[in-house]
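Chemist: Just so you know, we're using our numbering here: the sequence shown kicks off at 10 and counts up by one.
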Amino acid sequence: MNRITLLFEKKKGNILSLYFTAGYPEKNSTGNIIKAIEKSDADMMEIGIPFSDPVADGKTIQNSSSIAIKNGMNMELLFGQLEEVKGIISKPVLLMGYFNPVMQYGVERFCEHCNRCGIDGVIIPDLPLVEYQKYRDVISGNNLSFIMLVTPGTTEERLNIIAGESNGFVYAVSSYSTTGSMVKAAINKEYIRKVEKICKLPVLTGFGIHDNKSFKEICSISAGGIIGSAFIRELADSDNIEKTVIDFADQIRGK
Numbered sequence: 010m011n012r013i014t015l016l017f018e019k020k021k022g023n024i025l026s027l028y029f030t031a032g033y034p035e036k037n038s039t040g041n042i043i044k045a046i047e048k049s050d051a052d053m054m055e056i057g058i059p060f061s062d063p064v065a066d067g068k069t070i071q072n073s074s075s076i077a078i079k080n081g082m083n084m085e086l087l088f089g090q091l092e093e094v095k096g097i098i099s100k101p102v103l104l105m106g107y108f109n110p111v112m113q114y115g116v117e118r119f120c121e122h123c124n125r126c127g128i129d130g131v132i133i134p135d136l137p138l139v140e141y142q143k144y145r146d147v148i149s150g151n152n153l154s155f156i157m158l159v160t161p162g163t164t165e166e167r168l169n170i171i172a173g174e175s176n177g178f179v180y181a182v183s184s185y186s187t188t189g190s191m192v193k194a195a196i197n198k199e200y201i202r203k204v205e206k207i208c209k210l211p212v213l214t215g216f217g218i219h220d221n222k223s224f225k226e227i228c229s230i231s232a233g234g235i236i237g238s239a240f241i242r243e244l245a246d247s248d249n250i251e252k253t254v255i256d257f258a259d260q261i262r263g264k
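Next comes the structure, spelled out in structure tokens:
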């Protein structure tokens with residue numbers, strides 16, 4: 010069974026997912042960060058595929074993506090790094106990226122390599138639903154959950170479509186801003202309840218979560234939170250990746 014499904018069967022709330030960019034801060038940092046998250050109190054990890062035009066991301070993730078590309082990170086190298094650590098990872102691993110690099114790599118080839126490297130799910134925020142439906146069988150045939158994003162402005166009609174297509178969990182965007190915003194998450198219980206009721210899946214919320222206070226607030230209205238920009242900022246200044254990752258997860262948990 011897919012590890013995302015197993016996680017949500019075992020744990021109903023306070024789920025912490027950490028996002029980082031592959032190849033940042035150094036080209037070979039990916040495996041070390043993965044191993045550190047495995048040892049930490051985070052529940053899941055999302056690995057960003059560097060892209061030159063990450064339209065949904067704020068300055069922190071954009072900068073990490075630019076540096077990763079300059080470091081020489083590419084899809085083939087990423088899959089090689091994932092292959093090296095797959096045997097020691099028990100937590101769910103997702104890849105998040107934009108459709109252009111996936112399309113250039115080849116969608117079927119991408120999904121097959123994800124499966125081979127132990128990836129549990131993919132998030133492609135700019136992939137139109139009609140395009141996803143063309144690749145649905147390839148994605149599910151490689152035991153991958155396809156995670157869809159919703160916003161406070163997502164219509165009930167679209168939520169019903171997403172309900173029929175999603176699996177694993179639903180990624181709720183907390184506001185209309187890009188990632189990395191430090192403002193209070195503009196979400197409410199009614200929004201989350203509507204998403205959960207229609208989609209009948211756990212909801213994880215991202216964008217703007219950066220500390221214990223914002224994480225606790227998000228966990229009070231959804232199954233958990235996804236933290237990217239704040240985590241990447243910690244990695245930027247780290248001289249001990251394992252300690253940085255473990256300490257950061259503990260800080261978010263309020264330990």
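Quick reminder that beta carbons are idealized off the backbone N, C-alpha and C, glycines included.
Does the separation of the CB atoms of F3 and L244 fall below 8 Å?
Modeler: Past the boundaries of the shown model lies residue 3; the chain is included only from 10 to 264, so the question cannot be answered.
Chemist: Does the distance from the C-beta atom of K284 to that of D52 stay below 8 Å?
Modeler: Missing from the structure shown is residue 284; the chain here goes from 10 to 264 and no further.
Chemist: If contacts are defined as beta-carbon pairs under 8 Å, then I241 and S73 qualify, I think. What distance do you get, rounded to the angstrom?
Modeler: For this step, residue 241 is matched to residue 232 along the sequence shown. For this step, residue 73 is matched to residue 64 along the sequence shown. The Cβ separation is near 5 Å, so the contact holds.
Chemist: Drop a sphere of 10 angstroms on the beta-carbon of S149, count the other beta-carbons inside from all chains shown, and report buried for 16 or more, exposed for fewer.
Modeler: Translated into the one-based positions of the sequence shown, residue 149 becomes position 140. By the neighbour-count rule (16 or more Cβ atoms within 10 Å), S149 is not buried but exposed.
Chemist: In this structure, how does DSSP classify L210 when only helix, strand and coil are distinguished?
Modeler: Here the question's residue 210 lines up with position 201 in the sequence shown. Three-state DSSP puts L210 in coil, outside helix and strand.
Chemist: Once DSSP output is grouped into helix, strand and coil, what is the label at L15?
Modeler: Residue numbering aside, residue 15 sits at position 6 when the sequence shown is read from its first letter. Helix at L15.
Chemist: Use the C-beta contact count for V139: other C-beta atoms within 10 angstroms, 16 or more gives buried, fewer gives exposed.
Modeler: Indexing the sequence shown from 1 puts residue 139 at position 130. V139 comes out exposed.
Chemist: Considering E35, what are the terminal residues of the alpha helix (DSSP H) in which it resides?
Modeler: Translated into the one-based positions of the sequence shown, residue 35 becomes position 26. From DSSP, E35 is part of no alpha helix (DSSP H); its letter is neither H nor E.
Chemist: Is the Cβ-Cβ distance between A31 and G57 less than 8 Å?
Modeler: Position 22 of the sequence shown, counting from 1, holds the residue named residue 31. Position 48 of the sequence shown, counting from 1, holds the residue named residue 57. Yes, Cβ-Cβ distance for A31 and G57 is below 8 Å.
Chemist: For I128, which of F257, F108 and F155 has the nearest alpha-carbon?
Modeler: Numbered from its first residue, the sequence shown carries residue 128 at position 119. When only C-alpha atoms are compared, the closest one is F155.
Chemist: Pull up the distance between the alpha-carbon of M54 and that of A172, whole angstroms please.
Modeler: Taking the first residue of the sequence shown as position 1, residue 54 is located at position 45. Taking the first residue of the sequence shown as position 1, residue 172 is located at position 163. Cα to Cα, M54 sits roughly 23 Å from A172.
Chemist: With burial defined as no fewer than 16 other Cβ atoms inside 10 Å of the residue's Cβ, what is the status of G106: buried or exposed?
Modeler: One-based indexing of the sequence shown puts residue 106 at position 97. The residue is buried, with at least 16 neighbouring Cβ atoms inside 10 Å.
Chemist: Just verifying my parser: in three-state terms, what is the DSSP assignment at G217?
Modeler: Position 208 of the sequence shown, counting from 1, holds the residue named residue 217. Coil, per DSSP.
Chemist: What does DSSP give as the partner residues of Y28 in its beta bridges?
Modeler: Numbered from 1 along the sequence shown, position 19 holds the residue referred to as residue 28. E55.
Chemist: Under DSSP, the beta strand (DSSP E) around G263 begins and ends at which residues?
Modeler: Start at 1 with the first residue of the sequence shown, and residue 263 comes out as number 254. Run containing G263: none; DSSP gives neither H nor E here.
Chemist: The alpha helix (DSSP H) spanning M82 covers which residue range?
Modeler: Counted from its first residue, the sequence shown places residue 82 at position 73. Counting along the chain, M82 falls outside any alpha helix (DSSP H), and DSSP gives it neither H nor E.
Chemist: In whole angstroms, what separates the C-alpha of I24 from that of F108?
Modeler: One-based indexing of the sequence shown puts residue 24 at position 15. One-based indexing of the sequence shown puts residue 108 at position 99. Between I24 and F108, the C-alpha separation is close to 27 Å.
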